[in-house]
């Protein structure tokens, strides 16, 4: 896996400048350098280290989508056409905003909230829950 330092060396710029491009801070990098670094990142197939991002407290960039199937039939909730369409739309919109979607199915809102806390998510969407379950969120 290629590092920010290796990309910086490749384009003869500082690791900070490369980091600014990775995090979309266009105002801190000249347009030419932004293109140069973006090209180098793409060519090297750079992948952001989520563990490092979490340690640096820059946010997980994770939006959890929880499907509560407790009150549903035995049908696999992910194969339900209704939920399938919603999940597809959510994933596309979440990705457009620069976030990652974590999909989790559960029969318990409490269990889902525990998972969300453990992953340090930045947003939570719960589908298929009962209005009474909202009390558990607060």
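Numbering (UniProt numbering), first residue to last: 1 to 138.
Yeah, the Cβ is synthetic: ideal placement off N, Cα and C, and Gly gets one too.
Same chain only: Cβ atoms within 7 Å of residue i, ignoring 5 sequence neighbours per side
i	result
residue 5	15
residue 38	21
residue 91	101
residue 18	4, 7, 8 and 37
residue 106	66, 68 and 112
Burial state of residue i, where buried means 16 or more other Cβ atoms lie within 10 Å
i	result
residue 79	exposed
residue 110	exposed
residue 30	exposed
Short Cβ contact (8 Å threshold) for residue i with residue j
i	j	result
residue 2	residue 36	no
residue 116	residue 64	yes
residue 128	residue 68	yes
Close beta carbons around residue i, own chain, < 8 Å, minus the five adjacent residues each side
i	result
residue 121	60, 62, 63, 64 and 102
Rounded separation between residue i and residue j - CA only
i	j	result
residue 40	residue 96	22 Å
residue 27	residue 114	38 Å
residue 86	residue 99	17 Å
residue 112	residue 66	7 Å
residue 46	residue 25	17 Å
residue 23	residue 132	39 Å
residue 42	residue 124	30 Å
residue 21	residue 13	11 Å
residue 34	residue 44	15 Å
residue 88	residue 48	23 Å
residue 82	residue 104	16 Å
residue 119	residue 32	37 Å
Own chain residues within Cβ distance below 6 Å of residue i, not counting five before or after
i	result
residue 94	63 and 101
residue 108	none
(message) Which runs of the beta strand (DSSP E) at least 3 residues long sit entirely within the UniProt domain "HTH cro/C1-type" (3 to 47)? Give them in chain order.
(response) none
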